[in-house]
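This report refers to the structure that appears directly beneath it.
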Amino acid sequence: MSKSHFETDAIRTQIERTEFLEHTSPLYLTSSFVFEDAEDMRASFAEEKERNIYSRFTNPNTSEFVDKICKMEGAESGYAFATGMAAVFSTFAALLNSGDHIVAARSVFGSTHTLFTKFLPKWNINTSYFKVNETEKIRSLITPETKILFAETPTNPAVDILDLELLGEIAREHNLILIIDNCFATPYLQNPIKFGADLVIHSATKLIDGQGRVLGGITVGKKDLIREIYLFSRNTGPSLSPFNAWVLSKSLETLAVRVDRHCENALKVATFLEEHSQVNWVKYPFLKSHPQYEVARNQMKAGGSIVAFEIKGGVEAGRKFLDAIKMCSLSANLGDTRTIVTHPASTTHSKLSEEDRLQVSITDGLVRVSVGLENVSDVIADLDQALRA
Ligand SMILES: *Cc1c(COP(=O)(O)O)cnc(C)c1O
1 MSKSHFETDA IRTQIERTEF LEHTSPLYLT SSFVFEDAED MRASFAEEKE RNIYSRFTNP
61 NTSEFVDKIC KMEGAESGYA FATGMAAVFS TFAALLNSGD HIVAARSVFG STHTLFTKFL
121 PKWNINTSYF KVNETEKIRS LITPETKILF AETPTNPAVD ILDLELLGEI AREHNLILII
181 DNCFATPYLQ NPIKFGADLV IHSATKLIDG QGRVLGGITV GKKDLIREIY LFSRNTGPSL
241 SPFNAWVLSK SLETLAVRVD RHCENALKVA TFLEEHSQVN WVKYPFLKSH PQYEVARNQM
301 KAGGSIVAFE IKGGVEAGRK FLDAIKMCSL SANLGDTRTI VTHPASTTHS KLSEEDRLQV
361 SITDGLVRVS VGLENVSDVI ADLDQALRA
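Now the structure itself:
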């Protein structure tokens with residue numbers, strides 16, 4: 001049989017059926033597994049056979065989830081975590097030694113930024129940053145100690161795009177491990193491994209669950225690197241719970257249809273906002289006006305679910321806009337069935353100075369919309385009345 005397609009893998013990748021011949025995978029809520037005899041137990045602990053021992057190491061539900069994401073990303077191997085941040089932290093902690101150096105894009109998820117600036121330096125691991133529109137400076141930041149090149153694309157919250165092909169080229173040239181947080185794009189829209197990434201990280205909490213229910217994370221990629229991450233994690237305990245893995249594996253069955261609709265709705269919202277008199281500019285990867293439109297077309301299948309725009313009138317206008325919203329949610333999550341609006345300058349990024357905010361493309365009037373799966377005309381009507389208010 002020829003290689004099956006994304007949607008088919010998402011549905012038909014399934015752990016072995018039990019004697020009950022259940023149609024869909026059951027939930028294995030068990031902390032540990034039993035052995036046939038002393039020899040079975042010895043061989044299992046010696047890793048001479050691949051089998052479940054203890055759910056901190058592996059569990060059938062987490063394995064099914066990992067197998068699916070590996071197929072979707074074209075990865076050799078993977079490990080699933082309790083949260084996206086557990087995936088980010090464990091990946092860096094497993095691969096880096098004291099004295100190692102990271103080169104990263106400045107626009108990274110808030111907690112990842114805190115990890116780089118506050119916690120990794122405790123172990124003498126430091127990070128140098130490049131701005132998303134200054135990728136020509138990346139090479140000059142690399143030192144003999146640099147081990148990892150890290151980026152997210154599209155970025156949060158400004159929806160900038162980084163050129164994965166370029167990052168892959170630089171990583172190869174300098175023998176760096178290229179790690180891409182692919183959370184905003186999902187494995188359906190973008191596969192960084194194709195462009196040279198060694199590891200891909202996801203917060204499964206976002207579009208992979210897609211319904212705002214459970215937290216989860218995953219790292220997939222090269223087998224030898226995942227092996228290090230696995231050994232670190234099986235001993236330190238950031239693993240995904242079987243229940244959340246079961247939920248997330250079911251969620252993946254509908255990822256393609258959900259993300260298709262998210263993208264369709266987001267493009268309509270972006271097009272609407274671009275015409276609006278109260279809006280200075282809109283950023284959406286598949287709008288021709290996006291500064292990295294060509295790059296986005298080259299590496300993404302569609303533009304994703306997140307739209308950024310600048311409301312006229314700065315911080316005050318941003319706050320008023322949030323107060324006038326009737327249907328959409330004011331929430332810190334994204335990639336949900338429910339449309340979510342946030343105003344970074346007065347909330348998530350309010351502790352930064354205006355200058356620091358601008359370093360990561362957050363202007364005072366920037367609004368981020370995570371476009372959901374409601375009827376898009378209702379979303380547009382709500383945004384429109386709030387912009388007019
Ligand atoms: C949310 C998010 C994370 C962290 O994931 P959690 O599941 O909340 O721990 C990491 N990276 C990006 C890009 C995110 O959006």
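Mind the numbering: the sequence shown is residues 1 to 389 in the working numbering, read in order. Note that beta-carbon positions come from the ideal geometry of N, C-alpha and C, so glycine has one too.
Report back the beta-carbon spacing between residue i and residue j to the nearest angstrom; my notes put them in contact at under 8 Å.
i    : j    : result
G221 : L199 : 4 Å
V259 : I311 : The Cβ separation is near 27 Å, so there is no contact.
F20  : S249 : Rounded, the Cβ-Cβ distance is 18 Å, inconsistent with contact.
F81  : P238 : 5 Å
F309 : K283 : 7 Å
L164 : I148 : Incorrect: roughly 16 Å between the Cβ atoms, too far for contact.
G196 : R172 : 6 Å
V369 : V269 : 6 Å
E264 : A94  : With 8 Å as the limit, E264 and A94 do not qualify as a contact, their Cβ atoms being about 39 Å apart.
N55  : M85  : One point to set straight first is that residue 55 is Ser, not Asn, in the sequence displayed. Not really, about 20 Å apart at Cβ, beyond 8 Å.
I226 : V88  : With a Cβ gap of about 15 Å, I226 and V88 do not count as contacting.
R106 : V360 : 6 Å
Y79  : T219 : 6 Å
A10  : A296 : Not quite, the Cβ-Cβ distance comes to about 23 Å (not below 8 Å), so this is no contact.
P392 : P344 : The shown model of the chain, from 1 to 389, leaves out residue 392, and the question about it has no answer.
G390 : K194 : For residue 390 there is no data in the structure shown, the boundaries of the chain being 1 and 389.
For the beta strand (DSSP E) containing residue i, list its first residue and its last residue.
i    : result
Y188 : Not the beta strand (DSSP E): Y188 falls in the alpha helix (DSSP H), residues T186 to L189.
T219 : G217 to G221
What residue does the alpha helix (DSSP H) around residue i start on, and which one ends it?
i    : result
K206 : It is not in any alpha helix (DSSP H) - K206 carries neither H nor E in the DSSP assignment.
K268 : L255 to E274
S140 : I138 to L141
R213 : R213 -> no alpha helix (DSSP H), and no H or E assigned at all.
I15  : Unbroken run through I15: none, as it is neither H nor E.
H113 : G110 to T114
I294 : The sequence as given places Glu at residue 294; Ile does not occur at that position. First-last of the alpha helix (DSSP H) with E294: Y293 to Q299.
S4   : Here S4 belongs to no alpha helix (DSSP H), and DSSP marks it neither H nor E.
A386 : V376 to R388
Report the partner residues of residue i according to the DSSP bridge assignment.
i    : result
H101 : N126 and T146
W281 : E310
A151 : I180
R368 : A308 and T342
L199 : I179 and G221
S32  : Y54
S361 : DSSP lists no partner for S361.
S239 : F81
Sort the options by Cα distance to residue i and report the nearest one.
i    : options                   : result
A266 : F109, E374, P344 and L167 : E374
S90  : A345, T363, F119 and T135 : F119
R12  : F20, T18, T24 and E19     : T24
E316 : V282, R42, G365 and T18   : G365
K326 : N333, A381 and I311       : A381
G304 : V247, G74, G372 and R51   : G372
L162 : T348, T337 and M300       : M300
Y230 : F92, F6 and C263          : F92
F45  : R234, L334 and Y284       : R234
A151 : T337, A158, E134 and A104 : A104
E253 : F272, Y188, A302 and Y293 : Y188
V247 : T236, L273 and G217       : G217
N182 : K147, P154 and E264       : P154
E16  : C263, V376 and S63        : S63
Q211 : R338, M85 and V379        : R338
T271 : E73, N52, A171 and V379   : V379
C328 : V376, A296, P285 and A302 : V376
H174 : E228, A158, H101 and K122 : H101
I53  : S31, I69 and L322         : S31
I142 : N126, V132 and N133       : N126
D209 : G335, L383 and P26        : G335
F243 : A38, P60 and E7           : P60
L167 : K137, N156, V159 and T186 : K137
A185 : S128, D160, G313 and I177 : D160
T347 : S203, L322, H202 and V88  : L322
H276 : E50, R106 and A386        : A386
L330 : D37, E50, L383 and Q190   : L383
N133 : G318, Q292, F33 and K351  : Q292
S98  : E145, I69, V108 and V257  : E145
L96  : S353, L176, T363 and S140 : L176
E169 : R139, A75, N298 and L255  : R139
P26  : L273, E47, F35 and Q14    : Q14
Q278 : V307, G314, R261 and N298 : G314
A245 : Y28, V108, N298 and F6    : Y28
3 or more residues per run - each beta strand (DSSP E) lying fully within the region 153-195: 177-181
Please give the ranges of any alpha helix (DSSP H) in the region 308-352, keeping only runs that are unbroken, at least 4 residues long and fully inside the region. 314-324
Restricting to runs no shorter than 3 residues, where is the beta strand (DSSP E) found entirely within the region 38-85? 77-81
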